[in-house]
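Q: Counting in the working numbering, the sequence shown runs from 2 upward without gaps.
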Amino acid sequence: VDTACLVHSHLLYLFKNYTYEDLDYRSVSVLLSSQVYLMVNHRFSNKVYDDLQDMTDPTKPPPSIQIPQSEVFDIIQQQRYQILKYMRLHPDDADDAMEAVVRIATGTGSRTTCEKGLKSRHWQSIG
């Protein structure tokens with residue numbers, strides 16, 4: 002789980018500077034599934050690990066996702082509106098992305114593959 006959290010945090014970071022024009026199914030599904038995976042499986046703390054210079058041995062940081070927690074939250078907040086806008090205008094991609102989130106969060110599949118024969122759900126914003 003620690004390694005998967007590390008990977009998901011870095012996946013989020015890859016899409017940090019994406020604009021609305023850059024969004025597609027792949028980017029939206031990665032951003033959302035990584036966000037949900039981290040919220041479920043990573044223990045965020047009130048300790049700040051942003052600066053390894055304060056440590057006695059910076060080569061051995063505490064177990065973490067190696068990206069400042071504030072940066073993770075900033076990326077999520079920065080992309081939120083763009084993702085919602087994309088999902089409203091591309092409902093089929095939104096449905097597929099949300100199904101990918103469920104598969105990743107529950108460990109029942111990957112982001113890109115789904116079980117044949119399962120009925121697709123339609124996802125809708127409640128806001």
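Note that CB positions come from ideal geometry on N, CA and C, so glycine has one too.
Where does the unbroken alpha helix (DSSP H) through Arg-104 begin, and where does it stop?
A: Here residue 104 corresponds to residue number 103 of the sequence shown, with the count starting at 1. 92 to 107 is the span of the alpha helix (DSSP H), which, as asked, contains Arg-104.
Q: Go to Asp-3, then tell me how far its alpha helix (DSSP H) extends in each direction, as first and last residue.
A: Position 2 of the sequence shown, counted from the start, is the residue given in the question as residue 3. Counting along the chain, the alpha helix (DSSP H) containing Asp-3 begins and ends at 3 to 15.
Q: For my contact list, Ser-10 and Ile-68 are in at a C-beta cut-off of 8 Å; report their separation, rounded to the angstrom.
A: Counted from its first residue, the sequence shown places residue 10 at position 9. Counted from its first residue, the sequence shown places residue 68 at position 67. That belief holds up - the Cβ atoms of Ser-10 and Ile-68 are roughly 5 Å apart, short of 8 Å.
Q: With three or more C-beta pairs closer than 8 Å as the rule, is the stretch 67 to 82 touching the stretch 106 to 113?
A: Output reads no: the stretch 67 to 82 does not touch the stretch 106 to 113.
Q: Take every Cβ of the stretch 88 to 98, pair it with every Cβ of the stretch 23 to 36, and state whether three or more of those distances are shorter than 8 Å.
A: In short, these stretches touch, since the Cβ pair count reaches three.
Q: Measuring alpha carbon to alpha carbon, tell me which residue in Asp-97, Ala-5, Thr-20 is nearest Arg-81.
A: Numbered from 1 along the sequence shown, position 80 holds the residue referred to as residue 81. When each option's Cα is compared against that of Arg-81, the closest is Thr-20.
Q: Hey, Ile-76 and Tyr-14: beta-carbon distance below 8 Å or not?
A: Your numbering for residue 76 matches position 75 in the sequence shown. Your numbering for residue 14 matches position 13 in the sequence shown. Yes; because the gap between Cβ atoms is below 8 Å, this pair is in contact.
Q: Out of Ala-5, Arg-122, Lys-17, Gln-78, state which residue places its alpha-carbon closest to the alpha-carbon of His-43.
A: As a working note, residue 43 is residue 42 in the sequence shown. If we check each option's Cα against that of His-43, Ala-5 comes out closest.
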